[in-house]
Amino acid sequence: MNAKKQLTEGLITNNPVLVQQIGLCATMAISTTLFNGIGMGLSVLIILTCCNVVVSAIRKIIPEQVRLAIFVVVIAGFVTIVDLLLQAFIPALSSALGVFIPLIVVNCIIIGRAESFSSKEGVFLSFRDGVFQGLGYTCVLVLMCLFRELLGSGTIGGGLLNGASGLITLDGTGAGFRIIPEGFGIGALTLPFGGFLTLGLLMAVMQYALRKSGEKKARKEKEVKE
Amino acid sequence: MKKVIDFVKPAVILLLVAAVVALVLGLVDMVTRDRIEAIAEQTMNDAMQSVLPAESYEQLDVEPDGEVDAAYEAADDAGWVVQVTEVGSQGTVTMMVGVGSDLACTGISVTDSSETAGLGAIASQASEAGDNFRSQFVGQSGTVAVTKDGGEINALTGATITSRAIAKGVTTALALCETLG
Amino acid sequence: MFASLVSISLAAILTNNFIFSQFLGICPFLGVSNKMSTATGMSVAVIFVMTMASAICWVINEYLLIPFGVEGFMQTVAYILVIAVLVQFVEMFLKKAIPSLYSAMGIFLPLITTNCAVLGVVLLNTQNTYNFLESLIDGFTGGLGFTVAIVLFASVRERLQFADYPKAFEGFAICLVSAALFALAFMGFSGMKIL
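Chains Z, L and S, in that order, are what the protein sequence lines are.
According to this note's numbering, the first sequence is numbered sequentially starting from 534.
According to this note's numbering, the second sequence is numbered sequentially starting from 12.
According to this note's numbering, the third sequence is numbered sequentially starting from 17.
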């Protein structure tokens, strides 16, 4: 398995959110500002990579009967570490994401990768898988945040970028760049309604694109045969 | 004999993993605990400073009753700061209310809420609209209410419920201070 | 006391519905809502586990984690272990004691361990510093809220099979769009409270 194939799998063909359709809860709940999206995406990426590496390293000594319990304990451990570090060093992010940080424990992406990938493959491959699947998750989150934030509140980079100076801030005070004047955004998109709708639309676009590229490939193969 | 080993081995390994995890977490906790506590104290202090500036605050012995969470007396008889939690539209709204020694509100700060983004959430944001909304409470005394209920507070557009909750919180805080003062 | 219990229940079932306003438990919600029978089976299992987990985790937090001063960093680990073990026990117990109920909800039980609504309700109970009774009620009514959402949605999904929508929306995509409309409808409950 080469790196390029793993990367396309994580980002597109086997994207955790849009294709495997798991880990949806947090995706919809926190994708209201770019700050939340990037923060959540990177947290999951780090936790997923660490868990993949550890599970892969101890895969030979894990007894079959209690493997899920062991995965869960390892995942919960890393989640708590990230949670504590965020509370101590990026408190604004910690309070913005709230209960969704500890809830990464039950994010199906992580336990799913442990069960289907890293408990079978080597450490290095698992590490790469964690990074790429995490990237795929982050990309979807960022896309959703951009869409919901731009059309919903009319800004880009809320919480993360200071609109006046254009600098990156981590204390959550940045107002972002205002693209649409205040009061003209589609406010409903920032509500739970918008979360469901945006993810539904993104999934539909993805299914459309995958089907088109599948048809194209099939056509090409047919031409080659003829 | 083999059966016993089969039964015990998974349990021992699970226990070992859990022990290692607990150990690592204990270490991380040791490193971060002080910082987290300092940040919590700082946030609390900032919120109190913003509603009623004072040298220091002393916590009063007030029984939490579902609305009032805690009350603090500011130094030099400047007044009190009361932490109140009210039911808003999406959940609870926790706020700090500053009350001067003349029993008039000196300022409010919403410290925790899960109100609708873009509507009720403005009450807790550091934006112009948020500042304008909160500054209306300064100088209010007695019973505070939104204009719809016959009071003087202009409710946030599309967030009457949030505005009402905050007005009620301020009223509660003022009433408490009357008994304290 | 009674008023606070009623307002907790009201919030858990309607205003702060786990699925439509807090986004918790979306995966099982989409996974098993395609048929009314599986939806009710899952709901019963969720109500049961959520109530039990709320009660047990409260006791563990109060009498084990807090006395040892480790509630800050062992909470998540302890809670998820409790839930995993609880689910396992319930499964074993049902298999032996009530086989008919086991055959009805058995296959849903393992799924509940990773249902974020269960861990969510326990964590929120702690965050809101609920007492034992409040936690118990919150867990039970949270499960009821899950049931309301999933049963309503299952009946919509049964009709979706006959609807004519673009092919790209097949599967979860159309479900999410329908769920969006539900979320909008549930917004109407916001602000409801006991005076």
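In this text, a Cβ means the ideal position worked out from N, Cα and C, and glycines have one as well.
- Secondary structure of M17 (chain S) (DSSP, three-state): coil.
- Scanning chain S for C-beta atoms nearer than 7 Å to the C-beta of T613 (chain Z) yields F89, T92 and V93, reported in chain order.
- Looking at the DSSP output, R752 (chain Z) bridges to nothing.
- The stretch 142–152 of chain S and the stretch 65–82 of chain S touch, with no fewer than 3 CB-CB distances between them shorter than 8 Å.
- Taking the CA atoms as reference points, G690 (chain Z) sits about 20 Å from F622 (chain Z).
- The stretch 716–728 of chain Z makes contact with the stretch 189–203 of chain S; the number of CB pairs closer than 8 Å reaches 3 or more.
- Between N131 (chain S) and chain Z, the shortest Cβ-Cβ separation is below 8 Å.
- When secondary structure is reduced to three states using DSSP, L743 (chain Z) falls in the helix class.
- Put simply, the CB of Q143 (chain S) is near chain Z, with a gap under 8 Å to one of its CB atoms.
- Where Q91 (chain S) is concerned, the enclosing alpha helix (DSSP H) starts and stops at E87 to A113.
- In this structure, the straight-line span from the alpha carbon of T54 (chain L) to that of E648 (chain Z) is close to 41 Å.
- Classified as exposed, P126 (chain S) has fewer than 16 neighbouring CB atoms from the shown chains inside 10 Å of its CB.
- If the five residues before and after V98 (chain L) are omitted, its C-beta is found closer than 8 Å to the C-beta atoms of V104 and A176, all from its own chain and listed in chain order.
- Cβ proximity to chain L below 7 Å picks out Q620, A621 and P624 from the stretch 620–642 of chain Z.
- V586 (chain Z) places its beta carbon 8 Å or farther from that of V639 (chain Z).
- Distances from the CA of L732 (chain Z) to each of Z:M573, Z:L636, Z:L703 and Z:L676 were compared; the closest alpha carbon is that of Z:L676.
- In chain order, I24, L25 and V28 make up the part of chain L whose C-beta sits under 8 Å from the C-beta of I603 (chain Z).
- Contact between A82 (chain L) and L71 (chain L) holds, since their C-beta atoms are separated by about 5 Å, short of 8 Å.
- For I580 (chain Z), the uninterrupted alpha helix (DSSP H) segment begins and ends at L567 to A590.
- Secondary structure note for I119 (chain L): its beta strand (DSSP E) is the uninterrupted segment C116 to S124.
- When Cβ-Cβ separations below 8 Å define contact, T158 (chain L) makes no contact with chain Z.
- Separation of the CB atoms of C672 (chain Z) and L544 (chain Z) is rounded to 6 Å, and the pair is thereby assigned contact status at 8 Å.
- DSSP links Q94 (chain L) through a beta bridge to L:A81 and L:M107.
- Taken through DSSP and simplified to helix, strand or coil, L694 (chain Z) comes out as strand.
- In the three-state scheme derived from DSSP, where H, G and I count as helix and E and B as strand, I133 (chain L) is classed as helix.
- One alpha carbon belongs to I701 (chain Z), the other to F568 (chain Z), and they sit about 10 Å apart.
- Chain order gives the chain L residues near V607 (chain Z) as V28 and V32, where near means a beta carbon separation below 8 Å.
- Among the CB atoms of chain S, none fall inside 8 Å of the CB of D45 (chain L).
- The residues R661, D662 and F665, in chain order, have a CB closer than 7 Å to that of Q539 (chain Z) in the same chain once the five nearest residues on each side in sequence are set aside.
- With a beta-carbon spacing of about 3 Å, G667 (chain Z) and L578 (chain Z) fall inside the 8 Å limit used to define contacts.
- One finds F36, S37, F39 and A199 in chain S with Cβ atoms closer than 7 Å to the Cβ of P725 (chain Z), taken in chain order.
- For I594 (chain Z) and R681 (chain Z), the gap between their C-alpha atoms comes out near 45 Å.
- Closer than 8 Å at the C-beta level to chain Z, one finds these residues of the stretch 43–77 of chain S: C43 and L46.
- With a cut-off of 8 Å on Cβ pairs, the stretch 128–146 of chain S is not in contact with the stretch 185–192 of chain L, counting fewer than three such pairs.
- Distances from the alpha-carbon of S37 (chain S) to those of Z:A562, Z:V550, Z:Q554 and Z:N547 put Z:A562 closest.
- From the listed residues S:F34, S:A94 and S:R173, the smallest Cα separation to V62 (chain S) is found for S:F34.
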